[in-house]
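This report concerns only the one structure given below.
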Amino acid sequence: MPYEGWLLAIVEDARLIVGPLCGSMAYSQNMPSGSGIFGELDLLKQIRARAGRSVSGRLRLGIGDDCALLRLGAGEELAVTTDLAIDGQHFRLAWHSPESIGHRTLARGLSDLAAMGARPVAAFLSLGLPKSLVQNRGDRWLERFLDGFFALARVHKVPLAGGDLAESPTAVADIVLTGAVRRGKALLRSGARTGDLLYVTGALGGAAAALDRLTAWAEAETRARGAKSGSPRIPRKLQTLLAPHLAPEPRIPEGEWLARRGIATAAIDLSDGLSTDLAHMCEESHVAAEVDAAALPIHTGATLAQALHGGEDYELLFTAPSTARLPPSIGGVPITRIGRIVRRCKDRPMAALITAQGPEPLVPHGWQHFV
Ligand SMILES: [Mg+2]
Numbered sequence: 000m001p002y003e004g005w006l007l008a009i010v011e012d013a014r015l016i017v018g019p020l021c022g023s024m025a026y027s028q029n030m031p032s033g034s035g036i037f038g039e040l041d042l043l044k045q046i047r048a049r050a051g052r053s054v055s056g057r058l059r060l061g062i063g064d065d066c067a068l069l070r071l072g073a074g075e076e077l078a079v080t081t082d083l084a085i086d087g088q089h090f091r092l093a094w095h096s097p098e099s100i101g102h103r104t105l106a107r108g109l110s111d112l113a114a115m116g117a118r119p120v121a122a123f124l125s126l127g128l129p130k131s132l133v134q135n136r137g138d139r140w141l142e143r144f145l146d147g148f149f150a151l152a153r154v155h156k157v158p159l160a161g162g163d164l165a166e167s168p169t170a171v172a173d174i175v176l177t178g179a180v181r182r183g184k185a186l187l188r189s190g191a192r193t194g195d196l197l198y199v200t201g202a203l204g205g206a207a208a209a210l211d212r213l214t215a216w217a218e219a220e221t222r223a224r225g226a227k228s229g230s231p232r233i234p235r236k237l238q239t240l241l242a243p244h245l246a247p248e249p250r251i252p253e254g255e256w257l258a259r260r261g262i263a264t265a266a267i268d269l270s271d272g273l274s275t276d277l278a279h280m281c282e283e284s285h286v287a288a289e290v291d292a293a294a295l296p297i298h299t300g301a302t303l304a305q306a307l308h309g310g311e312d313y314e315l316l317f318t319a320p321s322t323a324r325l326p327p328s329i330g331g332v333p334i335t336r337i338g339r340i341v342r343r344c345k346d347r348p349m350a351a352l353i354t355a356q357g358p359e360p361l362v363p364h365g366w367q368h369f370v
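The opening position of the sequence shown corresponds to residue 0 in numbering that gives the first Met the number 0, with each subsequent residue numbered one higher.
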């Protein structure tokens, strides 16, 4: 039975109108009436109240009706991406703070928009949560998840326009992101051409190195204190070191810049690791690539292997013609030339790593997102 009495927020022509409405679309109760914790209006009101603070000219109708309404400008296309995160696969409730899980949930979707050169329009968040997670009010798990989610949403001015809540034996966070991009200007994986140069934003391997540190800390904590209930409290000093993993920064401004300038011929975000994502780009573009090991911007504290194969850096990998002039940085984020696109040949690997000892195959490592 849908909840009634939701607030309706219409953002139109820079005016925010808030009023009462009956609706079932967003954060409706999808369990039998009176079945438990998610029937409590305050949880839903909490999400709604925080979502209502976000505004966007492209979000015409947000939470409160059967659908959200998005409006694109003339000559724009809608980019849509979805990403599912599951406890034990993509995060661990026992290791990750709720703030980090909230941040990472949104960051994954935003990074896909960045890879297309799209500007975020609206986010849709669906959560499946174990009863224990919400019943333990002292832990404030959902509030803290939303703290992390909305902190990043504010940075990129992306409103939460809908979603769903359900009880689930395993914690699940599913994000849908929509974005706008000028017609025909989206950055695709399939546009790389022989002779193009290969670039990457930021530094590589930081998230994998941080995940190793997080694993070591979490295992030591478990040994010292046993399995504790409640969310982990990672020491602040360690949080800074772990930031590349706990709070990755999606490269939205950089992707938009590349799309606006029409410089990049192809792009992909590095969610699965350079070796794997480069293979995706080469497959889609029907080309091969060479990566110069000495040119790789390896994150402080990371190894070459982590830079090549570690996932979840959420940097952008892109190609541009050799005649294109790229700045050393975009919005303060360094741009590094790391190799080149070459013709695909049957007798050589799709991607090669050029080292001082010569070329060697750069084989996709088959990164699994989590453990
Ligand atoms: Mg992606």
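We put the beta carbon where it would ideally sit given N, CA and C, even for glycine.
Candidates the options: closest to residue i by CA position
i	options	result
V199	W216, L277, I46 and V154	L277
A114	W256, G331, H364 and I337	W256
D195	G178, R182, V290 and L237	V290
L83	A73, V133, T169 and R118	T169
R118	A242, L43 and R181	R181
A48	R57, D146 and A73	D146
L295	L325, R336 and P326	R336
P358	A292, P327, A306 and K44	A292
E434	E248, P129, A246 and I233	Because the chain here runs from 0 to 370, residue 434 falls outside it and cannot be looked at.
I334	R260, Q305 and L197	L197
S131	C344, L77 and E166	E166
G372	K345, C344 and A350	Since the displayed the chain opens at 0 and closes at 370, residue 372 lies outside it and no answer follows.
A246	D163, A150, P326 and G254	A150
8 Å contact criterion, which residue i and residue j should meet: CB distance rounded
i	j	result
D268	G310	In fact, because the Cβ distance is near 11 Å, the residues do not count as touching under 8 Å.
F148	L105	5 Å
L203	I297	6 Å
A179	G72	7 Å
V120	L58	7 Å
Burial state of residue i, where buried means 16 or more other Cβ atoms lie within 10 Å
i	result
P360	exposed
L141	buried
A265	buried
C281	buried
A288	buried
S32	Because S32 sits at a pLDDT of 40, beneath the cut-off of 50, its placement in the model cannot be relied upon, and the following sentence gives the value as read from the coordinates. It counts as exposed.
Q356	exposed
D111	buried
S328	exposed
S99	buried
E248	buried
S189	exposed
G254	buried
Pairwise C-alpha distance: residue j and residue i
i	j	result
I174	L109	10 Å
F317	H155	21 Å
A301	D64	47 Å
A223	W94	14 Å
A242	T299	12 Å
P97	V332	27 Å
G56	I46	21 Å
R103	R91	12 Å
G139	H279	Note that residue 139 is Arg in the sequence shown, not Gly. Cα to Cα, R139 sits roughly 40 Å from H279.
L69	E76	12 Å
R107	T81	9 Å
S34	K44	Note that S34 has pLDDT 42, beneath the 50 cutoff, so the model's placement of it is unreliable and the number below is only indicative. For S34 and K44, the distance between alpha carbons rounds to 18 Å.
R342	S230	50 Å
R235	L325	37 Å
L303	E218	25 Å
R260	P129	46 Å
Close Cβ partners of residue i (< 6 Å) along its chain, the five nearest in sequence each way excluded
i	result
P252	G330
V171	I85 and G127
V79	T177
A50	I62 and L159
I353	E289 and D291
A306	L203, G204, L295 and I297
8 Å CB neighbourhood of residue i in its chain, flanking five on each side removed
i	result
A152	S53, L105, A122, P158 and L159
R192	T264, S284, V286, T318, P320 and I340
E314	V199, T200, G201, A202, L203, R250, D268 and L269
A371	Examination of residue 371 is not possible in this model, given that the chain is present from 0 through 370 alone.
C344	A287
L42	I36, V133, L141 and L164
D346	none
Own chain, CB closer than 7 Å to residue i, minus 5 neighbours either side, in chain order
i	result
I237	The sequence given here has Leu at residue 237, not Ile. Within the same chain, L237 has close Cβ partners W216.
A371	Here the chain has residues from 0 to 370 only, and residue 371 is not among them.
R212	L240 and L241
H244	A206, A209, L210, L213 and E311
G74	R181 and R182
G101	F144, L145, D146, G147 and F148
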